[in-house]
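2 protein chains.
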Amino acid sequence: MLELYDTTLRDGNQGEGVSFSVEDKLLIIKALDRLGIHYIEGGYPGSNPKDMEFFKGAKSLQLQQAVVVPFGSTRHPRYQPGEDPNLLALLDTGARTVTIFGKSWELHATDVLRVTAQENIELIESSVRFLVENGREVIYDAEHFFDGYDDQPDYALQTLKAAAQAGARCVVLCDTNGGRLPLEIQEGVRAVIAEIGLPVGIHTHNDAGMGVANAILAVQAGAAHVQGTFNGYGERCGNANLASIIPTLKLKLGIDCISGEGLNQLTETSRLISELANLPHDERQPYVGSSAFAHKGGMHIDAVRKNSRTFEHIDPELVGNEQRILISDQAGKSAILKKIERRYPNYDKNSPEVIALFDRLKEAENEGYQYEAADASFELLTRTLLDGYQPFFDLLGFRVIIEKVKDHGIRSEATIKVMAPDGEVEHTAADGDGPVNALDSALRKALERFYPSLQEVHLTDYKVRVLDTQAGTGAKVRVLIEASDGREYWGTVGVSENIIQASWEALTDSLEYKLYKDSRET
Amino acid sequence: MLELYDTTLRDGNQGEGVSFSVEDKLLIIKALDRLGIHYIEGGYPGSNPKDMEFFKGAKSLQLQQAVVVPFGSTRHPRYQPGEDPNLLALLDTGARTVTIFGKSWELHATDVLRVTAQENIELIESSVRFLVENGREVIYDAEHFFDGYDDQPDYALQTLKAAAQAGARCVVLCDTNGGRLPLEIQEGVRAVIAEIGLPVGIHTHNDAGMGVANAILAVQAGAAHVQGTFNGYGERCGNANLASIIPTLKLKLGIDCISGEGLNQLTETSRLISELANLPHDERQPYVGSSAFAHKGGMHIDAVRKNSRTFEHIDPELVGNEQRILISDQAGKSAILKKIERRYPNYDKNSPEVIALFDRLKEAENEGYQYEAADASFELLTRTLLDGYQPFFDLLGFRVIIEKVKDHGIRSEATIKVMAPDGEVEHTAADGDGPVNALDSALRKALERFYPSLQEVHLTDYKVRVLDTQAGTGAKVRVLIEASDGREYWGTVGVSENIIQASWEALTDSLEYKLYKDSRET
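Quick note, the sequences are listed as chains A and B, same order.
The C-terminal position of the first sequence is numbered 522 in UniProt numbering, with every residue numbered one higher than the one before it.
The C-terminal position of the second sequence is numbered 522 in UniProt numbering, with every residue numbered one higher than the one before it.
Take a look at the structure:
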C-alpha cells in the first residue's frame, strides 16, 4: 500500500503569499478526505497558537479515512522530552499519529542546533521514544537527508537508525533544499531500504524544477509513503505537487493509491485550494490546469479531433478536467445540460433554450463571472432565462458615502430606495463598517419591511478577487458571497470594475435566492 | 560539447496567452545570444507569414554565437520536395541550419497524415535529403518519438535511420505529448545512441510535471543537444524550462554548456521574456523566481543567517538572483534583523529599537498586515520608528460618493484635501471606475501639484484579500498594491474593515515611498 501524505496546510502554508485561516484549513481537510488522502498534516502547534486552535476544530470533523497529523520538531537541547513545550504541544492536540522532524545532516546539527553530532542522535532517539511511550504513532521526517547522505552517508543513516530503534513507524527522507537530482534520490532511497527495516517515505521540493520527478523516482526505487502539497505550494519554489504525483502514480505506474472516483475530483480539489489560498489557479499546471488539455495550434486541433491520443497523454475526464478546443464548445454544453437535467429533462444540446443559456454563460464568463461557487446565482439566471422568473424587489437607486476627516475615524453611510412588486416604495438609510456593509444593512432594512423572513439570512463568507490585477485600482473585481438561513448555505457572485456594484449584485442575488427558495417550499 | 537549443519563439509561442511580435522576437534573440544559447528556433515560416518577415529582420542582427534556425515539417505527401511550399519556405529564409519534424509514431502517420508506415519513412528521407542537397545543416525532430518507441520500437528507430541516412546532422527525440517518465526517456535515449551514429537531442514537455527532469535524465543517458523554452512556455502545460535546465547542467552536473557570465544573466533574461510575453513572471520558478531564495519560516531564517547553505541549494548570485527574507508571522526577530542589518549594522536581537520594531510588527500582523509583498510599507514603517521619518504630505480629509440610479450606470466621485509640509493646502475632486479608482485619481491630482515626479508612478498590481471571511460584508480586508516608476517596483499594504480605508493606506504608502526614494537618490 502506498500512503499519500498531504502537507498543504503546514509546508504549503509556508509558501510566499499563502496564509490559510482556520476555516480554510477545515474546508481543505474535508476535500482532501473526500479525495482519498491518507494523512493530512494540519499544522505546527508548537510554533503557532493559531494551529493549536485548528486542531481543536479538526477533532469534530467526521472524516471518512484521512488521519489529521500535527507536525513538530525533536526536543530542544535545553529540555528533557517530558518538559519540552513542542513535544507537549504535539501530545496536547490529542492526535494519535504525529510527525516530528530531526536533522540528518551534521552541518545542521553543528551550525543550526549547535549540538555535537552525537547529541543530535540522542535528541532524535529520546524525542521519538517519548512520543511512542505516550501511545503515539510516529512518522519521522529526516530533514535534509539527501544533503546529509551526500556529505556523510554513515552519519545520515545513523540518524535514521536512532528514530527506528526508538519506535518510529516510518522514516521520511527529505530533500529539504530541493536541489537534488532524481538519480541521487533513487540511490538514497535504495540505501535506506537496504539498511532500515521500516517503510520509507519521500518528501521533495522543487528548487531545481524536479520535485515531482524526485517523488516518482523514489517510489520506483521502493518508497511507500509520498509527501507533497496541492498546487505545489511551499517555501521558495514549493513542494512536490500532489496534484501531479497522484495521477502519475495511478495512471502511469498503476499504483492503486486512490480510487477512480477520488481521482475524478482532482481538478475540483486543486481549484478549491487555489480559491481558498486566494491565489490565481496555475492554468498551465499538469493534469488540473485549464490549459492542460487545451489545443491551440491548428495542426494539433485537427489531430486531436481525429484521435485525441495523438496529443493527449491521458483522458482528461479521469482527473475531472476537460479537453478544450479553442474553437468548439461541445464539452461546455454537456456540462450545462448535466446541471439542469433534473429540472428540464426534455432539453438536449440543440434545444434553443440550452443554446441561449450557453451563450449567456459564455458571455458572463468572459466578463469574469464564475458559477462554480455561486450555485444560487446560476439557478436565478437559469430560471430567469428559461422560465421568465420575476424578482421579488426592484432597485430604484442607492448612494454610498464614505467620509474621512483628519483625526477622526472613517464613516460609511448608505441610502437606498427599493420597490416591492405591489408598487410600494421604501427609502431608507444605514451606517456600516465599510461601504459594502453599509449598503448591506440599508438593503436589509428596506426589504425586511416587505419580507420579514430575510432576518434569518446571514452572510457566512465574503470574498473579493481582483481580475486582471495589472489594471491597478481600475481593475474588475469578482465578489463571492456565501449566505445561510441556518438550514441551507448558498453562494452568489457579482462582477464589476466597481466593487460596490459587484458586491451589490452578489448581495441582492443572495437575498433574492432566499425569497425564491422560500416561495418554492410553500 | 552540449548544445543548447531554445524554441521559446516557436514552440513557446504556441502556449495559451503567448504571442510575440516581430520586435519582441528580435529583442529575445539578442538576449539569448548574450546568455550563450547555441541555437535559437525563430519560427515556422511555412505556416505563418509573420515568421517569414521575422527571418528577414533576424539576418541583420549581429550575433556573437547563436545560430537562428527556422522550423518546418517534412514535405506534404502531395508534393515532391522541390515543389513543397513548406520546404521551399525553409530555404527562402537563407538560414544555413534548419530544423524539420517528422512522425516517429505509426499512429500519427496513419491517423493524422493518412499515409502508410512506409510512405511516412519515405517522406522523412526525401525531405531531409532535399535540404542537405541544398547545402543546409539539418536538425531532425522526431515528433512523438517516445510514444512511438513504446508502441513499436523497431518502426520508431527506422524513422530515425531514414533521417540519418539522408544526411541529418542530429536527431532530436521528442516527448511531444509530455507524458513520459524519466526512466522511459533514459531507455529510449540509450537505445537510439546504440543504433544511430549521430548526436542525439532531447525535446520534452511538462504534461506530467517532469519536463525538466526528462531533459536532465536524457543528458545523463548521453543526449548531446537539449531543447526547451524560457519560463517553460509552450502548448498545454508547456515545454521543458531552459531557465531550470541550464543552471542544473552547469552547477550540478558540471557540464560547461554556458559561461559563468552567461549564467549570471539567467534571471534577467527570464524576466525580460516574461515582460515581452506580457505575462506575470512566475515567482515560484526555480532559480529565477523572486521566491526561489525567499525564506519565510522563522527557523529557516535563523538557519540561513547562520549558514546560507543550510536552506539554499545554490548561491543565488550565480544565476543573477538574490536571497530574500520575508516578514511573516512565522518569522522572528532574526528575520527583521537580517532585513535591516545593512542600514543599521550595530543593532542586535536585544537592541531596544529592534524590540520596538518587532513588537510593532507583531501587532500589525495581528491586525492583518503582511509585509512579505510590501517591502515599501515595511521600509517606511522602519524609518518612521527608528529615524523619526516625516511624511511628504498630510491628509486633511476625503469623501467618496458612489451613486446608482435605476436604468443608469454607477458613478463614483472622490473629493480630497491634503496639506504639503509648507502648509499649502490642495482641495480637489475626481471621478473613477470605482470608489478606489476615484480616490486614487483625486489623490494624484492633488499631490502632483507639489510633486510632479509622481506622474511617473503607475500601479501595476492591486489585490484584495478578505480576512476572516465569516464576518460577511463587515470583514476586514487587506489591500496589496504594487507600483512602479519604470525603473523600480515596490509593494505596499493597507488593512481595514473599510476597503476604502485599506486602499487609501496602501495608495498613500506607494506614493510616499516614491518621494522618499527620490529624496535618498538626490
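Here a beta-carbon is modelled for each residue, glycine too, at the ideal position from N, C-alpha and C.
According to the neighbour-count rule (16 or more other Cβ atoms, all chains shown, within 10 Å of its Cβ), is residue i buried or exposed?
i: alanine 164 of chain B; result: buried
i: tyrosine 140 of chain A; result: buried
i: residue 533 of chain B; result: Limits of chain B in this structure are 1 at one end and 522 at the other, which puts residue 533 of chain B out of reach.
i: tyrosine 79 of chain B; result: exposed
i: serine 259 of chain B; result: exposed
i: valine 425 of chain B; result: exposed
i: arginine 236 of chain A; result: buried
i: glutamine 285 of chain B; result: buried
i: asparagine 346 of chain B; result: exposed
i: histidine 203 of chain B; result: buried
i: proline 452 of chain A; result: exposed
i: residue 549 of chain B; result: Residue 549 of chain B lies beyond the residue range present for chain B, which begins at 1 and ends at 522; the question has no answer from this structure.
i: lysine 333 of chain B; result: buried
i: leucine 443 of chain A; result: buried
i: glutamine 14 of chain A; result: buried
i: residue 523 of chain B; result: Look at the range of chain B in this structure, 1 to 522, and you will see that residue 523 of chain B is not part of it.
i: proline 280 of chain A; result: exposed
i: glycine 89 of chain A; result: According to the sequence provided, residue 89 of chain A is alanine. The question's glycine does not apply to it. Buried, because 16 or more other Cβ atoms sit within 10 Å of the Cβ of alanine 89 of chain A.
i: leucine 9 of chain A; result: buried
i: tyrosine 489 of chain A; result: exposed
Take residue i and list the residues in its own chain whose beta-carbon comes closer than 6 Å to its own, dropping the five residues that flank it on each side.
i: alanine 277 of chain A; result: Val18
i: alanine 374 of chain A; result: Gly491, Thr492 and Val493
i: aspartate 407 of chain A; result: none
i: alanine 506 of chain A; result: Val479, Ile481, Thr492, Val493 and Gly494
i: alanine 331 of chain A; result: With a pLDDT of 42 at alanine 331 of chain A, under the threshold of 50, the modelled position of this residue cannot be trusted; read the value that follows with caution. Excluding residues within five positions, the ones whose Cβ falls inside 6 Å are Glu322.
i: arginine 180 of chain A; result: Phe146
i: serine 104 of chain A; result: Ala142, His144, Phe145, Gly148, Ala156 and Thr159
List the residues of chain B whose Cβ lies closer than 9 Å to the Cβ of residue i, in chain order.
i: glycine 289 of chain A; result: Arg236 and Cys237
i: lysine 445 of chain A; result: Chain B residues near lysine 445 of chain A: none, gap ~14 Å exceeds 9 Å.
i: glutamine 285 of chain A; result: Gly209 and Cys237
Could you name the residues of chain A that residue i contacts, counting a contact when the two beta carbons are closer than 9 Å?
i: proline 81 of chain B; result: Neighbours of proline 81 of chain B on chain A: none; closest Cβ ~20 Å, over 9 Å.
i: proline 70 of chain B; result: Ordered by position in chain A, no residue passes the 9 Å Cβ test against proline 70 of chain B, which lies about 17 Å from the chain.
i: serine 270 of chain B; result: Correct list: empty, because the minimum Cβ distance to chain A is about 12 Å.
By the criterion of Cβ-Cβ separation under 7 Å, what are the contact partners of residue i in chain B?
i: aspartate 440 of chain A; result: Thr473
i: aspartate 111 of chain A; result: Lys306, Asn307 and Thr310
i: valine 354 of chain A; result: The contacting residues do not exist; valine 354 of chain A stays about 27 Å from chain B at best.
i: leucine 395 of chain A; result: Lys406
Just to make sure I have the definition right: I need the residues of chain B whose C-beta is within less than 8 Å of the C-beta of residue i. Which are they?
i: serine 104 of chain A; result: Chain B residues near serine 104 of chain A: none, gap ~13 Å exceeds 8 Å.
i: serine 503 of chain A; result: Thr473
Could you name the residues of chain A that residue i contacts, counting a contact when the two beta carbons are closer than 7 Å?
i: asparagine 177 of chain B; result: Phe311, Glu312 and His313
i: phenylalanine 398 of chain B; result: Lys404
Could you pull out every residue in the same chain whose Cβ sits closer than 7 Å to the Cβ of residue i, ignoring the five residues on either side in sequence?
i: leucine 447 of chain A; result: Phe393, Val418, Leu454 and Leu511
i: glutamate 367 of chain B; result: Val495
i: leucine 467 of chain B; result: Gly368, Ala475, Lys476, Val477 and Arg478
i: alanine 31 of chain A; result: Thr269 and Leu272
i: threonine 310 of chain A; result: Ala303 and Val304
i: glycine 167 of chain A; result: Val128, Arg129, Val132 and Val138
Any chance the CB of residue i is under 7 Å from a heavy atom of the ligand NAD?
i: leucine 454 of chain A; result: Among the components modelled here there is no ligand, and therefore nothing to report on the ligand NAD.
Leaving out five residues before and five after residue i in sequence, what residues of the same chain have Cβ atoms less than 8 Å from its Cβ?
i: valine 22 of chain B; result: Lys50, Glu53, Phe54 and Gly57
i: leucine 253 of chain A; result: Ile216, Val219 and Gln220
Mind pulling the chain A residues with CB within less than 8 Å of residue i?
i: methionine 1 of chain B; result: Residues of chain A passing the Cβ test: none, with the nearest at roughly 21 Å.
i: phenylalanine 293 of chain B; result: Arg236
- Item | 4-residue-minimum alpha helix (DSSP H) runs that sit fully inside the stretch 179–260 of chain B, ordered along the chain | Those alpha helix (DSSP H) runs which fall completely within the stretch 179–260 of chain B and span 4+ residues are 182–195, 211–220 and 242–247.
- Message: When you compare the stretch 407–416 of chain B with the stretch 434–452 of chain B, are there three or more beta-carbon pairs, one atom per stretch, that lie closer than 8 Å?
- Response: Segment contact: the stretch 407–416 of chain B against the stretch 434–452 of chain B, three or more CB-CB distances shorter than 8 Å; contact assigned.
- Message: Assess contact between the stretch 379–392 of chain A and the stretch 349–368 of chain A, defined as three or more Cβ pairs (one per stretch) separated by less than 8 Å. Is contact present?
- Response: Short answer: they touch.
- Message: Please give the ranges of any beta strand (DSSP E) in the stretch 137–186 of chain B, keeping only runs that are unbroken, at least 3 residues long and fully inside the region.
- Response: Taking only runs of at least 3 residues, the beta strand (DSSP E) segments lying wholly in the stretch 137–186 of chain B are 137–143 and 170–175.
- Are the stretch 238–248 of chain A and the stretch 207–219 of chain A touching by the rule of at least three beta carbon pairs closer than 8 Å? With a cut-off of 8 Å on Cβ pairs, the stretch 238–248 of chain A is in contact with the stretch 207–219 of chain A, counting three or more such pairs.
- Pair every Cβ in the stretch 60–70 of chain B with every Cβ in the stretch 91–100 of chain B, then say whether three or more of these pairs are closer than 8 Å. Yes, the stretch 60–70 of chain B is in contact with the stretch 91–100 of chain B.
- Message: With three or more C-beta pairs closer than 8 Å as the rule, is the stretch 123–138 of chain B touching the stretch 182–189 of chain B?
- Response: Short answer: they don't touch.
- Message: With a threshold of 8 Å, are at least 3 pairs of Cβ atoms found where one atom belongs to the stretch 2–10 of chain B and the other to the stretch 260–272 of chain B?
- Response: Here the stretch 2–10 of chain B makes no contact with the stretch 260–272 of chain B; the two share fewer than three CB pairs at distances below 8 Å.
- Item | Ranges of the alpha helix (DSSP H) found wholly within the stretch 371–446 of chain B, counting only runs of at least 4 | With a minimum length of 4 residues, the continuous alpha helix (DSSP H) runs that stay inside the stretch 371–446 of chain B are 375–387.
- Continuous beta strand (DSSP E) assignments of at least 3 residues falling wholly in the stretch 463–520 of chain B: For the stretch 463–520 of chain B, the continuous beta strand (DSSP E) assignments of 3+ residues that do not extend past its boundaries occur at 477–484 and 489–496, in sequence order.
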